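Some notes on the structure that comes next.
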Amino acid sequence: MTLVYALLGVVLAPFAGILVAGFDRILTAKFQSRTGPPLLQPLYDIAKLWAKEPMIAHRFQPLCVYIYLAAAMVSVALFFAQSDLLLIFFVQAVGAIFLVIGAFLVPSPFSQAGANRELIQILTYEPLIIIVLAGIYLTTGSFNISAIYAMDKPLLINLPLLFIVFGYALTIKLRKSPFDISASHHAHQELVRGVLTEYSGRMLALIELAHLYETILILGLCSLFWTTSIWGMVVLLALTYLIEIVVDNISARMSFRWMLKSVWTTGLALSAINLIWLYSGGRF
Amino acid sequence: MFEILYTSLTLCPIVAALACLILPGKSTRSALVGMTGIILIASSVMLIWNGPVSSTPAFLSSAKFTTFIQIADFALLGLILYFGIKFNNRIISVLSLVQIAVLAAFELFILDGHGAPAGLFCDNLSLIMVLLISIAGSLIVFYALPYMDYHEHHLKLTKTRQPRFFALLLLFIGAMNALVLTNDLLLFYFFFEITTLCSFLLIGHDGNKVSRENSVTALWINSIGGTALLLGTVMIYLQLHTLDIQAVIGKLQGSDAMLIPLGLLCVAGFTKAAQMPFQKWLLGAMVAPTPTSALLHSATMVKAGVYLVIRFAPAFQGTALSTAVAVCGAFTFLSAAALAIGQRNGKKVLAYSTISNLGLILACAGINTHAAITAAILLVIFHAVSKALLFLCMGSIEQHIGSRDIEDMRGLFGEMPKTAMIITMGILTMILPPFGMLLGKWMAIESAAGNLFTLLMLALGSALTVVYWARWAGILMGSDYKGESRPEHLPDMARYPLLTLLGSAIVLSISAPFIYSKMILADFTGTAAYATTNGVMANASGSFAVIPLFMIAIGVFLFALAKSGPGKKGAKIAGPYMSGISGEENGTYVGPMNKITGSVQSNYYLSAFFGEKRLSGVVNATACALILIMIGVSI
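Quick note, the sequences are listed as chains A and B, same order.
All residue numbers for the first sequence refer to our numbering, where the first residue is 28 and numbers rise by one.
All residue numbers for the second sequence refer to our numbering, where the first residue is 8 and numbers rise by one.
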């Protein structure tokens, strides 16, 4: 049965991801007084990239891209199989690292700088996510997702501050301002497209696909904070994503130094407070 | 059977070491070293076959042997005192005098007939250690044969110093095997001191100013550990009237008595394992020829410190000392990883990574649950194999490109395709699932979730670790953009050890569930920490699908590799984007005045955050405070 869920997750996740990305672009356009693209534009983008003449910048680039995609797919499969959260996160990290290695392969100043910045982004969000997962463990007694669904109260009630911490990680992982430091959505800035600069055509299409999987994974993790009712989950996800879009639109890109300092100080402080509540048994 | 194997694992390398010094000629020496290596490997495998055992061979309990060890103990301390005086280092002199005085008082006035002889003890932990020491150690010694020729050729030595070098390597391996197999605390101390002396002599091998200074540093820091170990031993004997390690652990298990001697033993372990604030000696050790570093960092020396703490962990389970050990270890894990980010010297990155990973292992020993000790033992295994591999690769690279700077290894694939491939794989085995290091880290974090400080430090350290490794792995495989590379000649004695180590890192990772259920589990009583069904390691708090993930990983890797061969049909290869017209050569562009302009890339080393100047003071001060806290909670 878990295998069926896992397969269903892997098949359906890209479609869900396309819808999320499509809504994201329409809403962003509305905020900026534009009409915006059709809902399925992300799908059209991927299809168009796939049809381009195949071109790579290094012989090992496809290796990195396929591993990135596979890692994203496996982590989504593990998520829908309600497996171990920490393991899911580590499998996801394989992909993140191979994306960086692929960018390092090419002696282009833009992809090199992007790769270095992407590593700083990983450095910034990884401890926060591990701490959030540990907070979940302290509440449910297990790192398995199935244990969260066995709870009769939503996690958000026990982990309000850790949810904010998770929000930081979410913003970095979704490449939203102010944390779109390694690769911005628009390739006209000082970094060109940073870590993604040297990928094109089919390779870029696969990366976009992998990013859809990652978006679904990270929203899936977000949904774990309200598992007791489907409406609660939908509202939580919709609100969170709406806030993400608003933040993206009202903030500028910041430097990686600022990100590392501010996110670690705020994130670790909030985490410590929330974890101390949990250790002291102050569950309410 | 066991006694024969014990002899060939300990006495045989020591005798071979002496023979190395006496017998002339390079080919005799090579044959001798090769034979000893093969005997060591074969005996260690047969020891596994033989299984766990504890016995007291007659010769170990004979009065002659005891007297011999007593004399050798004093001779050893005398030798250390001599070096202390020779190099004018007061700390070494004072500490060795203290040890001589304490040992003399102990042997003359306190020790009454030594009680029942403690003999040998070989449980699965010892078996694993013997296997690592003998196999990784031998492979390193094999690799050293061509390496040292090149090394001496490069130094333009007129008279070879290889007899001394190989004698020390073999003596080191023999002493390590004896150390992990003994059940007598005083014998343990003796072999502990031999490894100190061997490492001192090996670090100073090249005899120049820097190596002499660094070897003296290693000696004085490790003298602290030796003194702590001896004091701990004496205190244990004063209260329990036995030097039998298993008896001591049995008596102390489940109580929080005698934490002071146990704390001293932990301090001894910390100095050997180069934990903060004692890290300086291991960083200095990189001046030695690379096989020395590989040996010190992987299976011997530092692992003796870790072994000591893991061995005695049951004796302080559930005490404040245990928590303190966990916090100290986790702090080293975090701070060494942070310092590694600021480094662009490849050997120093490797050194900080060793310190950091040993911190993780000790943190697990301090968390001290069944699951955490399992994590510690798995980490010992996988770290030894991967680190030996990385150091040996580093040695080949340094001899080839003449630099240790990571930035000089940009595009190494073009120069040394085989080595670049192997070291990149080696790095990936350190940080990615489903490899064993990550399995161990996963277990460690899941076990640490109940301890706030340890958890926070492990989470931060884990992210820092990814950065310094991924950054290095990334630039190695880059090359000319067509991905072409020159053919590379690797001597057989270098290639086979490298490939064996890489193969072991992968195969051992796949067999982790098996290693757990067959080897590690047997040392514990009570319910198993992990159930292993279908290659999945699982318990109530989580699950890690080792073998299924490996099958997926291998499939994906082969598929992706097939997609990336050179000259794939259809895929054109384009030069990098340079914001303008690219020049003919890779990474250049047509600049102002139509001049071809090059571009320079460099990684972030973030010295403003992670530089040694920035961090060392704070880190050392904090670490000293933590060690004091650790001793304080024992009182």
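C-beta: ideal position from N, C-alpha, C; glycine also.
Nothing here was measured: the structure is a model prediction, and the numbers come from that model.
Here B/SER614 is actually not in contact with B/GLU414; their C-beta atoms are around 14 Å apart, not less than 8 Å. The continuous beta strand (DSSP E) containing B/TYR596 extends over residues 595–597.
Restricting attention to B/SER141, B/PHE72 and B/ALA578, the CA atom closest to the CA of B/ALA395 is found in B/SER141. Cβ-Cβ separation between B/ALA630 and B/LEU465: approximately 16 Å, too far for a contact (criterion under 8 Å).
Assigned with DSSP and collapsed to three states, B/ILE642 falls in coil, not helix or strand. Classified as exposed, B/TYR89 has fewer than 16 neighbouring CB atoms from the shown chains inside 10 Å of its CB. Listed as beta-bridge partners of A/GLN216 by DSSP are A/VAL219.
The C-beta of B/SER342 comes no closer than 8 Å to any C-beta of chain A.
For B/LEU445, the chain A residues whose C-beta falls within less than 7 Å of its own C-beta are PHE117, listed in chain order. Among the residues facing chain A, B/LEU186 is not included, as its CB has no counterpart in that chain under 8 Å away. The C-beta of B/LEU176 comes no closer than 8 Å to any C-beta of chain A. By a beta-carbon distance limit of 8 Å, B/GLY270 does not contact B/VAL316. Their separation comes to about 11 Å. At a cut-off of 8 Å between beta-carbon atoms, B/GLY373 makes no contact with chain A. Under the 8 Å criterion on CB atoms, A/ILE124 is classed as interfacial with respect to chain B.
At a Cβ-Cβ threshold of 8 Å, A/ASN276 and A/LEU189 do not count as neighbours. Only residues of its own chain outside the window of five on either side were considered, and among them ALA123 have a CB closer than 7 Å to the CB of A/ILE149, listed in chain order. A buried status is given to A/ARG220, since no fewer than 16 other beta-carbon atoms sit within 10 Å of its beta-carbon. Listed along chain A are SER135 and PRO136, each with a C-beta nearer than 8 Å to that of B/MET585. Of the residues assessed, B/LEU25 falls on the exposed side of the cut-off, its CB having fewer than 16 other CB atoms within 10 angstroms. Residue contact with chain B for A/VAL101: present (Cβ-Cβ distance below 8 Å to some residue of chain B). Residues of chain B with a Cβ closer than 8 Å to the Cβ of A/SER110 are, in chain order, SER550 and ALA552.
Sequence-ordered contacts of the segment 152–164 of chain A with chain B read GLU153, PRO154, ILE157, ILE158, ALA161 and TYR164 [C-beta pairs closer than 7 Å]. Check the Cα spacing between A/GLY194 and each of A/ILE172, A/LEU236, A/VAL274 and A/ALA232: the tightest is with A/VAL274. Using a 10 angstroms sphere on the CB of B/LEU565, the tally of other CB atoms stays under 16, which defines it as exposed. Taking a C-beta cut-off of 9 Å against chain B, the contacting residues of the segment 59–89 of chain A are GLU80, PRO81, MET82, ILE83, ALA84, HIS85, ARG86, PHE87, GLN88 and PRO89, listed in chain order. With a beta-carbon spacing of about 31 Å, A/GLY228 and A/LYS57 fall beyond the 8 Å limit used to define contacts. A/SER211 has a beta carbon lying at 8 Å or more from every beta carbon in chain B. The beta carbon of B/ALA379 sits closer than 6 Å to the beta carbons of CYS371 and SER454 from its chain, once the five residues preceding and following it are set aside; these are given in chain order. Within the same chain, and ignoring the five residues on either side of A/GLY294 in sequence, the residues whose Cβ sits closer than 6 Å to its Cβ are LEU155, VAL192 and TYR195. Excluding sequence positions up to five before and after A/ILE128, its CB lies within less than 6 Å of the CB of CYS91, all in the same chain and listed in chain order. Within its own chain, the residues whose Cβ lies closer than 6 Å to the Cβ of B/GLY181, once the five positions on either side in sequence are excluded, are THR17, PRO20 and ILE21, listed in chain order. With fewer than 16 other Cβ atoms inside 10 Å of its own Cβ, B/GLN246 counts as exposed. Along the segment 607–627 of chain B, going in chain order, the ones with a CB nearer than 9 Å to a CB of chain A are VAL607, GLN608, SER609, ASN610, TYR611, LEU613, ALA615 and PHE616.
Neighbours of B/GLU453 in chain A, taken as residues whose beta carbon is under 8 Å from its own, are LEU113, TYR164 and PHE170 in chain order. Take the alpha-carbon of B/SER492 and the one of A/PRO134: they are about 15 Å apart.
Taking 8 Å as the cut-off, the beta carbon of B/PRO504 is found closer than this to the beta carbon of B/TYR150.
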